[in-house]
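Read the structure below first, then the notes.
In our numbering, the protein residues as written are 20 to 109.
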């Protein structure tokens with residue numbers, strides 16, 4: 020039985036559209052190689068940085084009055100066991 024070349028091909032109607040490549044994607048699509056494009060190259064070989072693409076980190080002010088999640092005055096619970104049984108068949 021002879022198979023048609025279309026069935027032997029890696030792409031075809033049964034294979035779907037395949038991976039989205041930058042060649043067939045909308046304008047501005049980047050696959051993402053782990054780096055952020057911070058600007059663009061000009062015709063003369065210069066690189067213009069777009070300040071909107073630079074990541075900014077908003078860090079809160081350090082407040083010495085911060086408290087831990089659990090108060091230091093909370094009594095320690097000793098000798099307690101977990102409420103979930105260790106063997107689910109029991």
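Beta carbons are placed, not taken as given, at the ideal position from N, Cα and C, and that holds for glycine.
Since the structure is predicted, the reported quantities are computational estimates derived from the model, not experimental observations.
The beta strand (DSSP E) enclosing residue i, as first and last residue numbers
i, result
"residue 58", "58-60"
For residue j and residue i, believed in contact at Cβ under 8 Å, the rounded distance
i, j, result
"residue 58", "residue 68", "4 Å"
Opposing strand residues paired with residue i [DSSP bridges]
i, result
"residue 66", "60"
Member of the options whose CA lies at the smallest distance from the CA of residue i
i, options, result
"residue 74", "90, 54, 38, 34", "54"
Contact set for residue i: own chain, Cβ-Cβ below 6 Å, skip 5 residues either direction
i, result
"residue 96", "none"
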